[in-house]
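Protein sequence lines correspond, in order, to chains A and B. Every number in my numbering is 1 more than the matching position in the first sequence, counting from 1. Every number in my numbering is 14 more than the matching position in the second sequence, counting from 1.
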Amino acid sequence: MNIKADIPAFIEEIDYGTPASAAEKTVTLTVDGRSVTVPEGTSIMRAAMEGGVEIPKLCATDMLDSFGSCRVCLVEIDGRAGTPASCTTPVGEGMVVHTQSERLSAIRRGVMELYVSDHPEGWNEKAGTGASEFDHVAAMVGLAENRYGVEGRNHVKPDGGVAPGHGSLTVDYLARDESNPYFTYDPAQCIVCSRCVRACEEVQGTFALTIEGRGFESRMVPGMHEDFLGSECVSCGACVQACPTDALREKSVLEKGLPERSVVTTCAYCGVGCNFKAEVKGDEVVRMMPYKAGKANHGHSCVKGRFAYGYATHRDRILSPMLREKITDPWREVTWEEALSHIASEFRRIQYQYGRGSIGGITSSRCTNEETYLVQKLVRQGFGNNNVDTCARVCHSPTGYGLNSTLGTSAGTQDFDSVDEADVIVVIGANPTDAHPVFGSRMRRRLREGAKLIVIDPRRTDLLNSVHVNSMLHLPLKPGTNVAMLTALAHVVVTEKLYNEDYIRERCDWDAFQDWAEFVSEAHNSPEELAKSCGVDAEAIREAARIYATGGNAAIYYGLGVTEHSQGSTAVMAIANLAMATGNIGRRGVGVNPLRGQNNVQGSCDMGSFPHEFPGYRHVAIDSVRKIYEDLWGVKLDSEPGLRIPNMLDAAVEGTFMGIYIQGEDILQSDPDTRHVAAGLEAMECVVVHDLFLNETARYAHVFLPGSTFLEKDGTFINAERRINMVRKVIEPKARYSDWEATQKLARVLGLDWNYTHPSQIMDEIAATTPTFAGVSYALLDREGSVQWPCNEKAPLGTPIMHVDAIVRGKGNFVRTEYVATDEKTGPRFPLLLTTGRILSQYNVGAQTRRTENVVWHAEDRLEIHPHDAEQRGIRDGDWVRLRSRAGETTLRALITDRVAPGVVYTTFHHPDTQANVVTTDFSDWATNCPEYKVTAVQVSPSNGPTEWQRDYEELSRKTRRIKGHLEAAE
Amino acid sequence: MAMQPAGTDIERRTASVIADMKGLEGPLLPILHQLQDEFGYVPAQSLPVIAEALRMSRAEVHGVVTFYHDYRRQPAGRHVLKLCQAEACQSMGSDRIAEKVKQALGIGFHETARDGSVTLEPVYCLGLCACSPSAMLDGEVIGRVDDETIEEIVEAVRT
Chain A
2 MNIKADIPAF IEEIDYGTPA SAAEKTVTLT VDGRSVTVPE GTSIMRAAME GGVEIPKLCA
62 TDMLDSFGSC RVCLVEIDGR AGTPASCTTP VGEGMVVHTQ SERLSAIRRG VMELYVSDHP
122 EGWNEKAGTG ASEFDHVAAM VGLAENRYGV EGRNHVKPDG GVAPGHGSLT VDYLARDESN
182 PYFTYDPAQC IVCSRCVRAC EEVQGTFALT IEGRGFESRM VPGMHEDFLG SECVSCGACV
242 QACPTDALRE KSVLEKGLPE RSVVTTCAYC GVGCNFKAEV KGDEVVRMMP YKAGKANHGH
302 SCVKGRFAYG YATHRDRILS PMLREKITDP WREVTWEEAL SHIASEFRRI QYQYGRGSIG
362 GITSSRCTNE ETYLVQKLVR QGFGNNNVDT CARVCHSPTG YGLNSTLGTS AGTQDFDSVD
422 EADVIVVIGA NPTDAHPVFG SRMRRRLREG AKLIVIDPRR TDLLNSVHVN SMLHLPLKPG
482 TNVAMLTALA HVVVTEKLYN EDYIRERCDW DAFQDWAEFV SEAHNSPEEL AKSCGVDAEA
542 IREAARIYAT GGNAAIYYGL GVTEHSQGST AVMAIANLAM ATGNIGRRGV GVNPLRGQNN
602 VQGSCDMGSF PHEFPGYRHV AIDSVRKIYE DLWGVKLDSE PGLRIPNMLD AAVEGTFMGI
662 YIQGEDILQS DPDTRHVAAG LEAMECVVVH DLFLNETARY AHVFLPGSTF LEKDGTFINA
722 ERRINMVRKV IEPKARYSDW EATQKLARVL GLDWNYTHPS QIMDEIAATT PTFAGVSYAL
782 LDREGSVQWP CNEKAPLGTP IMHVDAIVRG KGNFVRTEYV ATDEKTGPRF PLLLTTGRIL
842 SQYNVGAQTR RTENVVWHAE DRLEIHPHDA EQRGIRDGDW VRLRSRAGET TLRALITDRV
902 APGVVYTTFH HPDTQANVVT TDFSDWATNC PEYKVTAVQV SPSNGPTEWQ RDYEELSRKT
962 RRIKGHLEAA E
Chain B
15 MAMQPAGTDI ERRTASVIAD MKGLEGPLLP ILHQLQDEFG YVPAQSLPVI AEALRMSRAE
75 VHGVVTFYHD YRRQPAGRHV LKLCQAEACQ SMGSDRIAEK VKQALGIGFH ETARDGSVTL
135 EPVYCLGLCA CSPSAMLDGE VIGRVDDETI EEIVEAVRT
């Protein structure tokens, strides 16, 4: 079944020229005889477009504030002298506007004539794609002559081509800048409209571009006349999107030609969930264009979603199922049928031999909800146990636990748009400008408008380097002391009586509050005492608490720097306590917002990926819930929770867990204590990896099923704001099946009678069985674009803000949050604390982004170390260093920086040869087993090169990646 | 190799200028003026220091510096001679004056004599239109420039 039979050929979003006005009062005017009613404050240009009248424009676009420099959008207004610019003139009641007249045509033609006189190759021989807005406007104004000649000063004279070497260079000629791998800048085609500069400033917030010089010498340049790659540019693509000429253009479009059709879909990188138009020529994606109607990104993008999709066609992709007896054997390519029947017979044999609980599955936060739902269904219905877990275990499981125990739901409270009304923004253990860049840009915009920023992070994150942001407070705490910090903040809120008593009495459990208030007021929870643990000045903690409690709407955003700790769940509860105590839950501009790392980590949790929960976070022990699925699936379901990932690995080593189906997750690289994971996998008899590439985990696999990228499937992702976004198939699966189809095939071979013909039917099953999804259907999503759960009869169009009338739990619960230092302590042997994070251009373990041009920005993981610590150890910038912990050691190169405090070192984990998780320990969150990635006591010393482990691993990976008949193993 | 210590020196002196003037409203232009007074030009190395201190981007500071012709990117000669090329002076023969000066000094506009004696610049109106054509030598305005004045000016900058 195809829900959308009539997919439009090419989606062209209307450009209204200026942003929409938020005013409620409306104004009615007449444009070329048509009556138009628009909100007050709307520009004439936008009003005309809304009424169906297009006014030519060059410097205006609706992503940017009006600028009024190009002078082609002039109009006449009855009763007013002259010809005002329609982009900068707001509408007035009863205004009568004319967009066409002899006079206007003459002016516009005159202006365009001047523009084309300095445009390469003359106005009628199109440069670039020949289909730019500039070309469109030239056609629109009916340019018929060019009296000024075409020998402009800033380009090559037209006796050859546009490229250097053809024709003669003119005085102001600037060579093309090809330094960015994804787009080109040809200054000769630039008309200096400033759209790129303004996009970089207003939309992205990086301010990397400027107009240099003045008058005829004005040129757009990155940085201080640097090339794009060397400048502050973060390659988000906003400038390319804004450019009305082909001065800034995607290289893929210049090389492959203009796209022919487009499909609106959702990015598969981070938890922001940006909507894109995947633009296709033939069966090849030539461009990803941010979708302006996307409710999470509003037409913006980052370097990953916009450009880093090349992994989908990378030669490393495995497109055929493969089998082998032992992991030391070379892989043998087989048919789908052979692979699936092998898995089925092995899984049945293992269950017969070791018991029903000896196999399990792991769902992916990268796959769709429908695919995740099917994997957990396969485990529960087909394997007959609850041994299903997901990679969210290693990131946001404490969020689920912590928010559930305080607020009663396992998700963020706000939509992203809410940040526009925040007066105080607290960011804890999160790095939005790198890890959630599109939302990071929104945050920066709000900060430029005057919101106050408080960052609680061991490292000086890039948010603290935001330009034009004046109120920033950084609390650079020691890794592992979040709970101490948050409890100290609560101490100030309570003892200085900054809490909101009315709110607490109305919406929260007053007894719980009193108990908590008594606890946090104790002297040992004062900033002065806890500062000793946090390593932050007590007065700064007090100031932060006062700003948070009294600064107006205060919103907390947090990330894995909060959850990936031994007290991760406690820290999440401490955050919820603070928000409830200050009344910062339940309206726009406030809230508690986990920034989800992966595209569908929210969805994979919602879809029942945990061993103790069915979809919608309902415990497997609840009879009524089990009955829903037992009736539907026709089997008896286990009421006992199954094994978590670490337990599966332990059981494997003990010899009681022997088979696993891993869909789209690289547990060897992403889970803690790599050697323990390797030992567990090695002990198993049938490891099935379903992925795009021969990932690290696949080294231990017996069966490999080729996966499908997000471009090759229909389905849904759920982003960090609970938004259910549509994923639409753009091209046919390269390995024959979408992942949901492959799982269904496996289920059928195992004897289950699954007959889904389209993922919409899987969503229908989810909606029919899960109360928070009751109202969701593909028809609704197609109509609305996206909705935020809960979506049911009470909220048919979804729920942007939660806890509005009352806290979902009934009464908000305050929980005592005693700070207990982690067992991972520094000492003479391991005096430094290692913490980990991400960088903008790379994504997680890097399986995708390392297979794109993004490597130009981050070719290797580096160890950030403070100059003081480096000097003590005789380490210079760029030296190889040995990073050693109680668990293991690895080597990488040092980067000396004062972004980290003395005593703290930091690295990313994007490259497999770094193996940062070789050194992380197996300590984990007390409530959820979420690993403590963010704190490891380490020692750093100079080194000559890779460790023995890295060399052994290199050898093993060479051996385990051979494919019969292929000369060289992939990667 | 001698560049490195000079670089750090420039950065240090820049930081000190910024520290003095950061409190002003709209401090960027005053800081740039002060730097030009201090160094005789606005060193490129100063720009990132200013950007960081004022929470701006390098690009923005570069955009401002290059917009104003008055901010020099290189050190000027010992003397700076500005010849007005605006409308009133043009009508009184400033073109011819400029040609003569260029010939006499052996340099064009925006150039500095090889011996470092003088830098020649055009300027667009000194507010001295009643005494066109006009010029300015080291901050002192000169009205009704003629062949004789040119000789005097050349004499002055050569010594």
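Every residue, glycine too, gets a C-beta built ideally from N, C-alpha and C.
Item	Value
Which residues, in chain order, does the segment 61 to 81 of chain B contribute to contact with chain A at a C-beta distance below 7 Å?	Leu-61, Arg-69, Met-70, Ser-71, Arg-72, Ala-73, Glu-74, His-76, Gly-77, Thr-80 and Phe-81
Only counting runs of 3 or more residues, tell me where the beta strand (DSSP E) segments fall wholly within the segment 645 to 678 of chain A, in order along the chain.	660 to 664
Going by the CB atoms, is the gap between A/Met-46 and A/Gly-18 shorter than 8 Å?	yes
Quick one: what does DSSP say A/His-620 is sitting in, helix, strand or coil?	strand
Is there a C-beta anywhere in chain A that falls below 8 Å from the one on B/Ile-32?	no
Is the beta carbon of A/Gln-382 closer than 8 Å to that of A/Val-750?	no
Mark A/Glu-933 as exposed unless 16 or more other C-beta atoms lie within 10 angstroms of its C-beta, in which case mark it buried.	buried
When the cut-off is 8 Å and only beta carbons count, does B/Ala-144 lie next to chain A?	no
Note down the Cα distance separating A/Trp-858 from A/Asp-16, rounded to an integer number of angstroms.	32 Å
Which same chain residues end up closer than 6 Å to A/Leu-474 when comparing Cβ atoms and leaving out the 5 residues on each side of it in sequence?	Ile-455 and Ala-545
With burial defined as no fewer than 16 other Cβ atoms inside 10 Å of the residue's Cβ, what is the status of A/Tyr-149: buried or exposed?	exposed
Name the residue from A/Asn-594, A/Thr-551 and A/Tyr-355 whose alpha carbon lies nearest to the alpha carbon of A/Ala-431.	A/Asn-594
From this set, A/Arg-676, A/Met-803 and A/Asp-187, which residue's C-alpha is nearest A/Asp-953's C-alpha?	A/Arg-676
Which bits of chain B does A/Val-235 rub up against, with CB to CB less than 9 Å?	What A/Val-235 touches in chain B: nothing, since even the nearest Cβ is about 12 Å away.
With a cut-off of 8 Å, does the C-beta of A/Arg-963 fall near any C-beta of chain B?	no
Keeping to the same chain, check which residues put their C-beta closer than 6 Å to that of A/Ile-808; ignore five residues upstream and five downstream.	Leu-408 and Arg-508
What does a CB cutoff of less than 7 Å around A/Val-1 pick up in its chain, not counting 5 residues either side in sequence?	Look at the range of chain A in this structure, 2 to 972, and you will see that residue 1 of chain A is not part of it.
Per DSSP, A/Met-685 forms a beta bridge with which residues?	Note: A/Met-685 sits in no beta bridge, so no partner.
Taking just the CA atoms, how far does B/Phe-123 sit from B/Lys-116?	8 Å
Cutting at 6 Å between CB atoms, please list the residues of its own chain near A/Tyr-402, excluding the five before and the five after it.	Ser-570, Ala-928 and Thr-929
Round the Cβ separation of A/Ile-763 and A/Tyr-374 to the nearest angstrom and send it over; I've been treating them as touching at under 8 Å.	6 Å
So the alpha helix (DSSP H) A/Cys-606 belongs to, where does it begin and stop?	602 to 607
Which class does A/Val-857 belong to by DSSP, given the choice of helix, strand or coil?	helix
Going by the beta-carbon positions, is the gap between A/Asp-317 and A/Phe-705 smaller than 8 Å?	no
Beta-carbon separation of A/Gln-998 and A/Thr-369 under 8 Å?	Because chain A spans 2 through 972 in this model, residue 998 of chain A falls outside it and cannot be assessed.
Determine the chain A residues that contact B/Ala-58 at a beta-carbon separation under 8 Å, and present them in chain order.	Met-225
Tell me the DSSP bridge mates of B/Lys-96?	B/Glu-135 and B/Met-150
How big is the Cα-Cα spacing for A/Gly-441 and B/Ser-71?	17 Å
Listed from N- to C-terminal order along the chain, which residues in the segment 456 to 483 of chain A have their beta-carbon within a distance smaller than 8 Å of any beta-carbon of chain B?	Ser-467, Val-468, His-469, Val-470 and Asn-471
Can you tell me where the beta strand (DSSP E) with A/Trp-881 in it begins and where it stops?	881 to 886
Hey, out of B/Val-159, B/Val-75 and B/Ile-64, whose CA is closest to B/Cys-98's CA?	B/Val-159
When DSSP labels each residue in this structure, what does A/Asn-298 get in the three-state scheme?	coil
Let me confirm a value: A/Arg-543 is counted as buried when at least 16 other C-beta atoms fall within 10 Å, else exposed. Which label applies?	buried
Assuming A/Asn-720 contacts A/Val-420 (C-beta within less than 8 Å), just tell me the rounded distance between them.	Incorrect: roughly 14 Å between the Cβ atoms, too far for contact.
Using the Cβ count rule (16 or more neighbours within 10 Å means buried), how would you classify A/Ala-736?	buried
Nearest-angstrom Cα distance between A/Lys-5 and A/Cys-792?	In this predicted model, A/Lys-5 has a pLDDT of only 47, less than 50, meaning its place in the structure is not dependable enough to derive any value.
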